[in-house]
Amino acid sequence: MLYFFGEDDMRPEDQLIGRRREKLAKLREMGVEPYPYRFQATHTSREVKDEFDALSSARDPVSLAGRIMSIREHGKTCFSHIQDGEGRIQIYIRRDVVGNEAFSAFKLLDIGDIIGVRGTVFRTRTGEITVEVRSFQVLCKSLRPLPVVKEKVEGDKRIIYDPFTDKEQRYRQRYVDLIVNPDVREVFRRRTEIIRVLREFLDERGFLEVETPVLQPVYGGASARPFVTHHNALDMDLYLRISNELYLKRLIVGGFEKVYEFSKDFRNEGMDRLHNPEFTLLEAYQAYADYHDIMDLTEDMLSHAAEEVLGTTKLVYQGTEVDLTPPWRRIRMLEALEEEVGVDPRELSDEALRKLCLSHGLDVDGGMGRGKMVDKLFDEVVKPQLVQPTFVVDYPVETSPLAKRHRDDPELVERFELFVSGMEIANAFSELNDPEDQMRRFQEQMRLRERGDEEAQVLDRDFIRALEYGMPPTGGLGIGVDRLVMLFTDMPSIRDVILFPHMRPE
RNA sequence: GGGCCCGUAGCUCAGUCGGUAGAGCAGCGGCCUUUUAAGCCGUUGGUCGCAGGUUCGAUUCCUGCCGGGCUCACCA
Numbered sequence: 001m002l003y004f005f006g007e008d009d010m011r012p013e014d015q016l017i018g019r020r021r022e023k024l025a026k027l028r029e030m031g032v033e034p035y036p037y038r039f040q041a042t043h044t045s046r047e048v049k050d051e052f053d054a055l056s057s058a059r060d061p062v063s064l065a066g067r068i069m070s071i072r073e074h075g076k077t078c079f080s081h082i083q084d085g086e087g088r089i090q091i092y093i094r095r096d097v098v099g100n101e102a103f104s105a106f107k108l109l110d111i112g113d114i115i116g117v118r119g120t121v122f123r124t125r126t127g128e129i130t131v132e133v134r135s136f137q138v139l140c141k142s143l144r145p146l147p148v149v150k151e152k153v154e155g156d157k158r159i160i161y162d163p164f165t166d167k168e169q170r171y172r173q174r175y176v177d178l179i180v181n182p183d184v185r186e187v188f189r190r191r192t193e194i195i196r197v198l199r200e201f202l203d204e205r206g207f208l209e210v211e212t213p214v215l216q217p218v219y220g221g222a223s224a225r226p227f228v229t230h231h232n233a234l235d236m237d238l239y240l241r242i243s244n245e246l247y248l249k250r251l252i253v254g255g256f257e258k259v260y261e262f263s264k265d266f267r268n269e270g271m272d273r274l275h276n277p278e279f280t281l282l283e284a285y286q287a288y289a290d291y292h293d294i295m296d297l298t299e300d301m302l303s304h305a306a307e308e309v310l311g312t313t314k315l316v317y318q319g320t321e322v323d324l325t326p327p328w329r330r331i332r333m334l335e336a337l338e339e340e341v342g343v344d345p346r347e348l349s350d351e352a353l354r355k356l357c358l359s360h361g362l363d364v365d366g367g368m369g370r371g372k373m374v375d376k377l378f379d380e381v382v383k384p385q386l387v388q389p390t391f392v393v394d395y396p397v398e399t400s401p402l403a404k405r406h407r408d409d410p411e412l413v414e415r416f417e418l419f420v421s422g423m424e425i426a427n428a429f430s431e432l433n434d435p436e437d438q439m440r441r442f443q444e445q446m447r448l449r450e451r452g453d454e455e456a457q458v459l460d461r462d463f464i465r466a467l468e469y470g471m472p473p474t475g476g477l478g479i480g481v482d483r484l485v486m487l488f489t490d491m492p493s494i495r496d497v498i499l500f501p502h503m504r505p506e
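At position 409 of the first sequence the residue is numbered 409 (our numbering), and the sequence of numbers has no breaks.
Put into structure tokens, the structure is as follows:
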């Protein structure tokens, strides 16, 4: 029990909390309930500002609720800002208006407390729209001190003083980040908006949104190591999905011709500014389409999203202008590579290819297949150059076991990846629907696995069985939603667009 | 996992070439009836991330550990 200790024994933070507990007790003594059940607001802060002219001339009372973000006591009056879901608004409270008792109660409030106020709207001498409080109600007493971020507006510039910047605390205590950093709230609003627009786009084109298993007995659809979990009743291991691709294609077999899912996927790998162990992938499949159709779809969808969410297809990412206005550049993977290194990797022996990789500082081990080496080389020399939206098409068959062979070249597959600002944003292909070729590809993956490639894909017999019933020619698409949000919000790290990014335990 | 950097008051940061620390904001006590980074006067608050080592003495130097950031590697 805290009460049994003197202040001398308390941690300084507990002293601050103790002060607030004392105020809480005083409020209760005054008959104020600090945690009531509801409050009926008539307006939001934004509505009060938008409707200021009508509200102020009619002297109509408004009521609104929010969190106290600043307090400026001024003798027998007090100015304060409260923050609701849409912004901040100043309130002005006078002892001669609310009465002695209410004014004393108000003085027991702290930054961080949540109140409801009722009053009339006016403009202060300095021009700020303000609610003159007639009455107020405590809606929640807060016990823990909030970082106090001050802000000065000079013309159109906002100068922030003592911003709450500690990344660890911001990610661990995102609620605090959201309270004190309005820009962070804006990022996540925009994230939701982006997802809404993508969903709308697909719905309008007749795609069916579906849900597929997160817990899978056989994981597949991507090259990655999975998280393993255990089902007690069945006494069996299950995997958290690394992709939902194989399930969505089963649905195409089943006769749905256009399906999509916003899929939270899990990959048991390292994390950096582009990778979080759990992330959101939008996958979409369209029957009777090939990767050219999917390229057009992707271009339409993402430029449309930019137009809807940003109001333009030109954006700035980390200081560089990116123009998403279609059409986007399309280049062949091996040609792009040849342009950078001066030789078509297919003309090189395994050994020469390995040497080329080494000369670019790449760490290639003996067991690594040609496909993987080409992939790494591409990532190293080409990918960083792809700032403007670019479709890279036609990949080597080895690294794409679920894609259909290229109609003109059996060593390639009909696959594209979309790069923007050096980031891979989308991955798509003409889906492999030949069950026998699919079986051979799985077997090749198994061989890679036996040679130690832990990311090689595993054989999914039921998926083969499904293909044996027949899947129409199909185009499939995966879009990294988190990265798309990074691009649209100009955020440098994936952790800035995931509300609760993965952290080590405190 | 490698490299570099960081961890000092609730928040943002100084500082100590080794002698156990300081500011602003927040808090607390005053004054102030249109302020706005409100102001003015006064004031509380710290096992300087943790554990060892060196030393008469460590927050400062060294080592290890924990947590974080950036980066490379791994990886979509």
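No residue lacks a Cβ here, since even glycine has one placed at the ideal position from N, Cα and C.
Item	Value
Where Ser57 falls: helix, strand or coil (DSSP)	helix
Gln83: CB within 7 Å of a non-hydrogen atom of the ligand SAH	Ligands displayed in this structure: none; no statement on the ligand SAH is therefore possible.
Which of helix, strand or coil DSSP assigns to Pro396	strand
Burial state of Ser400, where buried means 16 or more other Cβ atoms lie within 10 Å	buried
Buried or exposed by the 16-neighbour rule on C-beta atoms within 10 Å, applied to His43	buried
Separation of Glu193 from Thr280, as counted between CA atoms	15 Å
Stretch-stretch touch, CB-based, cutoff 8 Å, three pairs: the segment 211-218 with the segment 173-180	no
Sub-8 Å separation of Val381 and Val316 beta-carbons	no
CA nearest to the CA of Thr298, picked from Val48, Glu86, Asn427, Glu321	Asn427
Validate contact between the segment 288-303 and the segment 232-243 using beta carbons, cut 8 Å, 3 pairs	no
Under the three-state DSSP convention, the category Gly18 falls into	helix
Beta-bridge partners of Arg329, as assigned by DSSP	Thr390
Helix, strand or coil at Leu274 according to DSSP, with G and I counted as helix	coil
DSSP three-state assignment for Ser421, whether helix, strand or coil	coil
Where Val97 sits in the DSSP three-state scheme	helix
Where Tyr37 sits in the DSSP three-state scheme	coil
Meets three-Cβ-pair contact criterion under 8 Å: the segment 322-336 and the segment 352-369	no
Distance between beta carbons of Leu402 and Phe188, contact taken as under 8 Å	Their Cβ separation, rounded to whole angstroms, is 33 Å, which puts Phe188 and Leu402 out of contact at 8 Å.
Sufficient close CB pairs (3 or more, under 8 Å) joining the segment 59-68 to the segment 34-48	yes
Supposed close pair Phe266, Ile242 - CB separation, criterion 8 Å	7 Å
Nearest residue (CA-CA) to Phe164, options Leu246, Val117, Gln173	Gln173
Option in Ala222, Arg483, Ala284 with minimal Cα separation from Glu209	Ala284
Rounded distance between the beta-carbons of Val138 and Ile115, thought under 8 Å	6 Å
Distance, Asp272 Cα to Phe4 Cα	In this prediction, Phe4 has a pLDDT of 37, which is less than 50 and means its spatial position is unreliable; nothing more can be read from the coordinates.
Contiguous alpha helix (DSSP H) assignments of at least 4 residues, all confined to the segment 61-129	95-98, 100-107
Contact check, Thr312 vs Ala305, beta carbons under 8 Å	no
Proximity winner among Leu202, Lys107, Ile129, Glu151, relative to Glu22 (alpha-carbon distances)	Lys107
Continuous alpha helix (DSSP H) stretch holding Ser263: start and end	Counting along the chain, Ser263 falls outside any alpha helix (DSSP H), though it belongs to the beta strand (DSSP E) covering 258-266.
Straight-line Cα distance separating Met439 from Val413	16 Å
Gly254, buried or exposed, once every other Cβ within 10 Å from all chains shown has been counted against 16	exposed
Alpha-carbon to alpha-carbon, Pro12 and Arg483	41 Å
DSSP bridge partner residues for Ser359 (one or two, in chain order)	The partner list for Ser359 (beta bridge, DSSP) is empty, contrary to what the question assumes.
Asn232 - partner residues in DSSP beta bridges	Paired residues: none, contrary to the question.
Selected residue, minimal CA-CA separation from Ser223, among Ala54, Asp375, Ser421	Asp375
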